[in-house]
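Heads up: the sequence lines are chains A, B and C, in that order. Heads up, the final residue of the first sequence is numbered 481 in my numbering, and it's a clean run with no missing numbers. Heads up, the final residue of the second sequence is numbered 971 in my numbering, and it's a clean run with no missing numbers. Heads up, the final residue of the third sequence is numbered 1069 in my numbering, and it's a clean run with no missing numbers.
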Amino acid sequence: MDDIKYATTIGLEIHLQISTRTKAFCSCENSFGREPNTSVCPVCLGMPGSLPVLNKEYLQRAIKTALALNCQIVGRMKFDRKNYFYPDLPKNYQISQYAMPLSRGGFLEIMTPAGIKRVGITRVHMEEDAGKLIHDEGGCFSLIDLNRAGAPLLEIVSEPDIFSPDEAHLYLRTLKSVLEYLDVSDCNMEQGSLRCDANISLMPAGKKGLGAKVELKNMNSFRAIRQALEYEQERQARVLSSGGVIIQQTRLWNEKKKITELMRTKEEAHDYRYFPDPDLNDFIIEQSMVRAIEGLLPEMPQVKMNRFIKEYSLSEYDARVLTADKHMADFMEQSVKLYPKPKVVANWLIGSIQAYLNERNMEFSQLHIGPGRLVEMIRLIDSGALSNNMAKDILQVMLLSGKSAGDIVKEKDLFQITDKSAIAALAVDVLQSNPKVKDDYLSGKKNALGFLVGQLMKKSQGKANPVAAGQALKALLEGKS
Amino acid sequence: MNNICGLSAYQLKELIGKNNIKAVDIASSIVRRHDEVDGRISGFVNFDKDAVIDRALCLDNLADMHDRGLALFKVPVVLKDNICVNGELTTCASGILQGFRPPYDATVAARLKSAGALLLGKSNMDEFAFGSSCETSYYGPTKNPYDLQRIPGGSSGGSAALVASDQTMLALGSDTGGSIRQPAALCGVVGLKPTYGRVSRYGLIAFGSSLDQPGPITKDVRDCAILLNVIAGHDKLDSTSADVPVPDYVQSLSGGVKGMRIGLPKEYFTQGLDSGIKVKIDAAISVYKSLGAIFKQISLPHTEYAVSVYYIIGCSEASSNLARFDGMQYGYRYQSPDGRCGLIEMCMRTRGKALGLEAKRRIILGTYSLSSGYYDAYYLKACKVRALIKSDFDKAFNECDMILTPTTPTPAFKIGEKIKDPLSMYLSDIFTIPSNLAGIPAISLPCGYSENGLPIGMQLMAGHFEEEKLLRAAYSYEQNASWNKVKPVL
Amino acid sequence: MKIKRGDIKYVARLARIHLTGEEEELFSAQLNDVFSYMDKLQENDTVGVEPCVHIPSSSNVLRDDVPGQSLSSERALANAPEQSVGFFKVPKIIESNE
């Protein structure tokens, strides 16, 4: 490849399933993992004659989300029909929003290595989900489950303000964090409650305008999105560098092969024939309602981070890590209520606990212990009953089993030996079996003490209090007993 | 007992009150009447005698527990074949819905059931209500009881013909561009299209969702009020249903028309109006004058565009509403001879084969009007002109309380006369379409007969939710003219 | 404006309707009549006119987020031309020749 540089432009389109109790336009339960076609009714089956009625909670959560993404909520919105044939779409049109969506013109701030960057949000609009089509591999038929048909979705469309796959990844993490704070969705990519399509185009650096847009679909994790974008960035650069042209198209990410594959070109694109859904009259969104929802918005990650810095005297780094995940931030706050030394709690969360989760590729929400457990453990350290190192080991057991530190300690007979006479006896023992090291110390090599403490700890099977051990050894060596 | 069939619903209710007639006897009379005449008229689709008798027996069993306070207790009612009844065949007279039994009741059907009505079955119609003659039905045409060579009107032609031929007391139709009023006029009965939102559309299989309204087809105006009382009112299942209080329409019948200002739109009294119809309308005007109404010339200047606006909007909505008939979940599915065709092919063949010619024509017309590049020129333009038509009415109702016009430009035409020429068929709805576009209520009632004995209808239109006014004016006229007593010779 | 047979073919494909050659012929002739009649609409000056897409019979119709009765899978599938283990069964999409 030659050395022409290309500027990459990326836009992301998120489909978020809203976790209301019932579906968008009917009162069937909006739940995951049921027997096929059991959460269905004439409305979501698209039976002839049935009519949609909008779920109030869905509208409120949509407004909440749009507000959190700094969008303008319109005074009047409509639903449109997006007409296309697909077997998972029972009416063969989707109730969506086109001309007069719920909201427009928002933004999301992301923290890039170069500083804070604002990514524009074109619109947040409401639409219903489709069902699921299961292909019989090799066979000649497909099966349809319509439990998901009519589930409430939000489509969150970004401006083409993202310039690298890394930035796209950052945008998604930040967006997910905001959405989790809002508590409007499970945000679970594996179960499909958060889905993401991407648009990517390349232009020779320095030139104005946008290159032909390639739409990427079928990415099932944030990592897959980054990989697909990276792959596509490279592929397009290769095509352009060799004098080729990129035409507008849709490509599918192949997770197994780690490549994108052509799905359709623009000529085959749909003519969706959007028009206002005559079954749903306009919705007038009163400012008073918007203000009321705004009043109920939870503290957003950025704001919480600043508060953590101020109230807890934490570094910006610590505060950012703690607030990136709502569950972690909640854990932090609850812990500090029980144990008002924020830095100590923060160190455990960011250190051992985060490492434990990272190793296992787990989310914070999957943690087995609550703030009470962690605080109990910290108090055992404070009382001298546990050393820091013992606590680290115990924490691992706590995280795996969900048991309390006290129980684990009891089970394993791990209480720290703080009894002075017991330690003194061990110290005598250690000095007797290490005469050479003793002499080294006495001849001025003061760091030999560390070795002796280590030996004492070993003899006590780690149960001795290391500070007390040091003091006892020193006293014996220096004849101060 | 055979004379039961000749009664109006009101008369039957009185008779039941006096003699405590059993529902099963009423049902037997209806079945006998059906056997006697429907072979010639073909008003019913899927008429199931045994089911009718069974339902009547159920009502008779109920009678012990229930008082006769139910508004339509034991009164026979027919539903147009586009109204869903739980577990009953509901096919919109289309090949594509053969065998379809909805798992739910339309709100109007549920209300009739709770009112104790005796549901007889489904009436014939133009396929998916696409037509003005009942000729596009999968089951073949219904015939006009006054002349079996002629059409009964459409699309609710089966309902109108069944009421006119005394095969039911009451019927429900649906009206998108005149589908209740035009057949009512051509069959010499009363038909009311309520204000958009007055009667729930839930369970009415949609044609043009912003235009459709279910409504009564009855033997006289009082029955029309009785039936409207049962079906009108807010429904939480229909987002377009109006949350407006429902008056007692029977109570509102009396009161007369003295001092009422009635507008005569000049645009309705020019274009190709049949001279026989003109004479009868003039006579009706004289009756109203004698009752103290005051007449005024008015203008509804955008009337000539109504047909175009209607077909663009109605077909656009229909193209989307009918997309669901694809052979996946219900109804007919095309099977390829070799049994190996892909999904898209199956869908296209299913629709190509099982939808009738008019349905396909309208879907194509609507799809075209919405498609990229034509949306602004057709769909959007039509919606704008619709706004102009609506404001014509708003202005007119500043000058008058009600508008009087003929219901149709001509009496019933011959079967086959217009079926090959869609445009001329479309133009036969010219007087009934504007009220659907404006969402206002309109009633058609008999106002005489042509020289060759064909019924002629007069239409009254009023402002939104002014059904009371329409019923009062219609009742006053009927009391003085008594056309409702004329019956076809069968 | 003139509707050609190709336009009818394209629209029929959009609407997923298989038309016979005869039908394509017939519809292009008939729809030409209909659309040329409808072109009269363009006579109206509609600058600044708000399109009427519904009759405003209601607004802000909302439903509480409370689960109601769903259908059993037997009833949901009762009308299905084909079904299998609780699913609607349909032919597979054949991408290449469709």
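In this text, a Cβ means the ideal position worked out from N, Cα and C, and glycines have one as well. Just so it is clear, the structure is predicted and the values come from calculations on it, not from any experiment.
>> With the cut-off set at 7 Å, would you say Q694 (chain B) and Y677 (chain B) are in Cβ contact?
In response: Reading the second sequence from its first residue, position 213 is the one you call residue 694 (chain B). Reading the second sequence from its first residue, position 196 is the one you call residue 677 (chain B). Yes.
Notebook entry, point to check: Taking Cβ-Cβ distances shorter than 8 Å, what residues in chain C pair up with V790 (chain B)?
Noted result: Taking the first residue of the second sequence as 1, we reach residue 790 (chain B) at position 309. Within 8 Å Cβ-Cβ: L1012.
| Apart from the five residues just before and just after I712 (chain B), which ones in its own chain have a Cβ nearer than 6 Å to its Cβ? | The residue you call residue 712 (chain B) lines up with position 231 of the second sequence. Contacts found: V589, R592, V680.
| field | Residues, ordered as in the chain, of the stretch 1023-1056 of chain C that lie near chain B by beta-carbon distance below 8 Å | value | C1023, V1024, H1025, I1026, S1028, S1029, V1032, R1034, L1042, R1046, A1047, A1049, N1050, A1051, P1052, E1053
**Asked** Relative to the C-alpha of G75 (chain A), which residue among A:K91, A:G454, A:R104 is closest?
**Response** Locating residue 75 (chain A) in the first sequence gives position 75, counting from the first residue. When A:K91, A:G454, A:R104 are compared, the shortest CA-CA separation from G75 (chain A) is found for A:R104.
Any beta carbon from chain B within less than 7 Å of R976 (chain C)'s own beta carbon? For the purposes of this step, residue 976 (chain C) is taken as residue 5 along the third sequence, with counting starting at 1. It does not: the Cβ of R976 (chain C) has no partner Cβ on chain B nearer than 7 Å.
Q) Around the C-beta of C41 (chain A), are 16 or more other C-beta atoms found within 10 angstroms, so that it is buried, or is it exposed? A) Here residue 41 (chain A) is taken as the residue at index 41 of the first sequence, counted from 1. Classification for C41 (chain A): buried.
So does the stretch 523-539 of chain B actually touch the stretch 615-625 of chain B, counting three or more Cβ pairs closer than 8 Å?
yes
Have a look at the DSSP bridge pairing and note the partners of F524 (chain A). Residue 524 (chain A) lies beyond the stretch modelled for chain A, which goes from 1 to 481, so this question has no answer here.
Residues of the stretch 41-64 of chain A in Cβ contact with chain B at a cutoff of 9 Å, in chain order, please. Those residues of the stretch 41-64 of chain A that come within reach of chain B (Cβ to Cβ, closer than 9 Å) are C41, P42, V43, L45, G46, M47, P48, G49, S50, L51, P52, V53, L54.
Subject >> 8 Å contact criterion, which A764 (chain B) and G929 (chain B) should meet: CB distance rounded >> reply: Counting from one through the second sequence, the residue named residue 764 (chain B) turns up at place 283. Counting from one through the second sequence, the residue named residue 929 (chain B) turns up at place 448. A764 (chain B) to G929 (chain B), Cβ: 7 Å. Contact.
Next on the checklist: Using a Cβ-Cβ cutoff of less than 7 Å, which residues in the same chain neighbour N434 (chain A) once the five nearest sequence positions on both sides are dropped?
Outcome noted: As a position in the first sequence, residue 434 (chain A) is number 434, starting the count at 1. Excluding residues within five positions, the ones whose Cβ falls inside 7 Å are L452, Q455.
Beta-carbon proximity list for S1067 (chain C), same chain, < 6 Å, skipping 5 on both sides = Taking the first residue of the third sequence as position 1, residue 1067 (chain C) is located at position 96. Confidence in S1067 (chain C) is poor, its pLDDT being 49 and thus under 50, which makes the residue's placement unreliable; the coordinate value appears in the next sentence. Answer for S1067 (chain C): no residue qualifies.
Check: Which residues share a DSSP beta bridge with E128 (chain A)?
Finding: Numbered from its first residue, the first sequence carries residue 128 (chain A) at position 128. Paired residue(s): A:P152.
Which chain B residues sit within Cβ distance under 7 Å of D136 (chain A)? In the first sequence, counting from the first residue as 1, residue 136 (chain A) sits at position 136. By Cβ distance, chain B contributes nothing, its closest Cβ being about 12 Å from D136 (chain A), past 7 Å.
- Query: In terms of residues, what are the limits of the alpha helix (DSSP H) holding V397 (chain A)?
  - Reply: Translated into positions along the first sequence, residue 397 (chain A) becomes position 397. Here the alpha helix (DSSP H) through V397 (chain A) covers 388-401.
Any C-beta of chain B within less than 9 Å: which residues of the stretch 984-1014 of chain C qualify?
R984, L985, A986, R987, I988, H989, L990, T991, E994, L997, F998, Q1001, L1002, D1004, V1005, F1006, Y1008, M1009, D1010, K1011, L1012, Q1013, E1014
Review point. With 7 Å set as the bound, which would you pick, yes or no: does the beta-carbon of L102 (chain A) sit closer than that to a beta-carbon of chain C?
Key: Sequence index remark: in the first sequence, residue 102 (chain A) carries index 102 (1-based). So no, L102 (chain A) is outside the interface.
With contact counted as at least three CB pairs below 8 Å, one residue from each stretch, are the stretch 298-308 of chain A and the stretch 320-332 of chain A in contact? Contact between the stretch 298-308 of chain A and the stretch 320-332 of chain A is established, with three or more Cβ pairs separated by less than 8 Å.
Exercise. Can you name, in chain order, every residue of its own chain whose Cβ lies under 8 Å from the Cβ of G740 (chain B), other than the five neighbours on each side?
Worked result: Here residue 740 (chain B) refers to the residue found at position 259 when the second sequence is read from its first residue. The residues are G773, A774, I775.
- Task: Reducing DSSP to helix, strand and coil, say where F528 (chain B) ends up.
- Result: As a working note, residue 528 (chain B) is residue 47 in the second sequence. Of the three classes helix, strand and coil, the one that applies to F528 (chain B) here is coil, per DSSP.
*asked:* At a CB distance below 8 Å, what residues from the stretch 853-869 of chain B approach chain A? Give them in sequence order.
replied: Across the stretch 853-869 of chain B, CB contacts with chain A closer than 8 Å involve S853, Y856, Y860, in sequence order along the chain.
Subject >> Any non-hydrogen atom of the ligand FAD closer than 6 Å to M809 (chain B) Cβ >> reply: Absent from the structure shown: the ligand FAD. Ligands present: none.
(Q) Please list the terminal residues of the continuous beta strand (DSSP E) segment that includes P1052 (chain C). (A) In the third sequence, counting from the first residue as 1, residue 1052 (chain C) sits at position 81. Counting along the chain, P1052 (chain C) falls outside any beta strand (DSSP E), and DSSP gives it neither H nor E.
For A723 (chain B), go through chain C and note every residue whose CB falls closer than 8 Å to its CB, in chain order.
Working through the second sequence from its first residue, we reach residue 723 (chain B) at position 242. Those are S1028, S1029, listed as they occur along chain C.
Determine the extent of the alpha helix (DSSP H) in which R662 (chain B) is found, giving its start and end residues. The count along the second sequence starts at 1 and reaches residue 662 (chain B) at position 181. Its alpha helix (DSSP H) spans residues 662-668.
What residues match up with W253 (chain A) in a beta bridge as DSSP calls it? The residue you call residue 253 (chain A) lines up with position 253 of the first sequence. DSSP output for W253 (chain A) lists A:T260 as bridge partner(s).
field: Those residues which DSSP pairs with A923 (chain B) across a bridge
entry: Within the second sequence, residue 923 (chain B) is the residue found at index 442, counting from 1. For A923 (chain B), which the question treats as bridged, DSSP gives the partners B:K674, B:M942.
Below 7 Å between beta carbons is the criterion; list the residues of the stretch 253-287 of chain A that meet it against any residue of chain B, in chain order. Closer than 7 Å at the C-beta level to chain B, one finds these residues of the stretch 253-287 of chain A: D271, R273, F275, P278, D279, L280, N281.
Q) Using the rule of at least 16 other Cβ atoms within 10 Å of the residue's Cβ for burial, across every protein chain shown, is D647 (chain B) buried or exposed? A) As a position in the second sequence, residue 647 (chain B) is number 166, starting the count at 1. In summary, D647 (chain B) is buried, with 16 or more beta-carbon neighbours lying within 10 Å of its beta-carbon over all protein chains present.
Is the beta carbon of S352 (chain A) less than 7 Å from the beta carbon of L395 (chain A)?
-> Indexing the first sequence from 1 puts residue 352 (chain A) at position 352. Indexing the first sequence from 1 puts residue 395 (chain A) at position 395. Going by C-beta atoms, S352 (chain A) is nearer than 7 Å to L395 (chain A).
### Query
Is there contact between the stretch 718-725 of chain B and the stretch 750-759 of chain B, where contact requires at least three CB pairs shorter than 8 Å?
no
Exercise for review: Say whether chain C places a C-beta atom closer than 7 Å to the C-beta of F141 (chain A).
Suggested key: Taking the first sequence and counting its residues from 1, the one referred to as residue 141 (chain A) is at position 141. Yes, because at least one Cβ of chain C sits closer than 7 Å to the Cβ of F141 (chain A).
_At the level of alpha carbons, what is the spacing between A391 (chain A) and A319 (chain A)?_
Here residue 391 (chain A) corresponds to residue number 391 of the first sequence, with the count starting at 1. Here residue 319 (chain A) corresponds to residue number 319 of the first sequence, with the count starting at 1. A391 (chain A) and A319 (chain A): Cα-Cα distance of roughly 24 Å.
Is there a C-beta anywhere in chain C that falls below 7 Å from the one on F611 (chain B)? Numbered from its first residue, the second sequence carries residue 611 (chain B) at position 130. So no, F611 (chain B) is outside the interface.
Interface flag, D719 (chain B) vs chain A, CB-CB below 7 Å: Along the second sequence, one-based indexing puts residue 719 (chain B) at 238. Answer yes: the Cβ-Cβ gap between D719 (chain B) and chain A drops below 7 Å somewhere.
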